[in-house]
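Student: The numbering of the sequence shown is full-length UniProt numbering, which starts it at 1 and goes up by one. By construction, the Cβ of each residue, glycine as well, lies at the ideal position given by its N, Cα and C atoms. Note that the structure is predicted; figures quoted are calculated from it, not measured.
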Amino acid sequence: MSNSIDGGATPDGGAVAVGRIGKAHGVRGDAFVEPWTDAPDERFYEGAVLSTDPARHGPLTVESARTHSGKLVVHFAGVEDRNGIEALRGVVLVMPASARPVIEDPDEFYDTDLIGLRARTVAGLELGPVTDVLHSPAGSLLVIDLAGREVLVPFRAEFVPTVDIAGGITEIDPPDGLLDL
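1) Given a cut-off of 8 Å, decide if F109 and I115 are closer than it, judged by their beta-carbon atoms.
2) With which residues is K71 paired in a DSSP beta bridge?
3) Looking at the structure shown, is A48 part of a helix, part of a strand, or coil, going by DSSP?
4) From what residue to what residue does the beta strand (DSSP E) around A96 run?
5) For V153 versus V160, is the C-beta distance shorter than 8 Å?
6) Would you check if the distance between the CB atom of R82 and the CB atom of G19 is smaller than 8 Å?
7) Ends of the alpha helix (DSSP H) at V180?
Put into structure tokens, the structure is as follows:
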């Protein structure tokens, strides 16, 4: 199993966060943007219109995007100086969840589609909701709220045999002792 292209969901659930505006780069209104997506070139292209959180700062239109020393640098239309872009520092950039590309592989999912699923064991024991997806070099983990206690389940086919986005359920086959901790 695999996962994510885009970052976290916004509070309304209808949009996904794709990045955050960082510090200014130069004096002409460019900023470093921390992309929260595996495909920044598909999100930060010339003409892309992004909503913002907080909403009062947007929408913002990407005028240009490039990399500098391995980091994404974006210029937004209408932001012409360092002061203008510094005023946007920390603003989260969002797009409609419906604008994400369809994932063709049945074993890949957007993190935001997994968060909120009801988790249960393959034997039918209700566990609680998936509250987060963590990523590490060793693989991804589903965070499940088990009566106020977080349980981390490796997001691999042998432990998570069923993911039913439409049904709002994921089934897990936990290794011995995982739920007993």
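Tutor: Let me spell this out:
1) Your numbering for residue 115 matches position 115 in the sequence shown. Your numbering for residue 109 matches position 109 in the sequence shown. Result no, Cβ atoms of I115 and F109 do not sit closer than 8 Å.
2) Sequence index remark: in the sequence shown, residue 71 carries index 71 (1-based). Bridge pairing for K71: H68 [DSSP].
3) Working through the sequence shown from its first residue, we reach residue 48 at position 48. Under the three-state reduction of DSSP output, A48 falls in the coil class, being neither helix nor strand.
4) The sequence position of residue 96 within the sequence shown is 96, counting from 1. Correcting the residue identity first, residue 96 is Pro in this sequence and not Ala. Counting along the chain, the beta strand (DSSP E) containing P96 begins and ends at V92 to P96.
5) Along the sequence shown, one-based indexing puts residue 153 at 153. Along the sequence shown, one-based indexing puts residue 160 at 160. Cβ atoms of V153 and V160: closer than 8 Å.
6) Here residue 82 refers to the residue found at position 82 of the sequence shown. Here residue 19 refers to the residue found at position 19 of the sequence shown. Taking 8 Å as the Cβ cut-off, R82 and G19 do not qualify as a contacting pair.
7) Taking the sequence shown and counting its residues from 1, the one referred to as residue 180 is at position 180. Looking at the sequence shown, residue 180 is not Val but Asp. No alpha helix (DSSP H) contains D180, which DSSP labels as neither H nor E.
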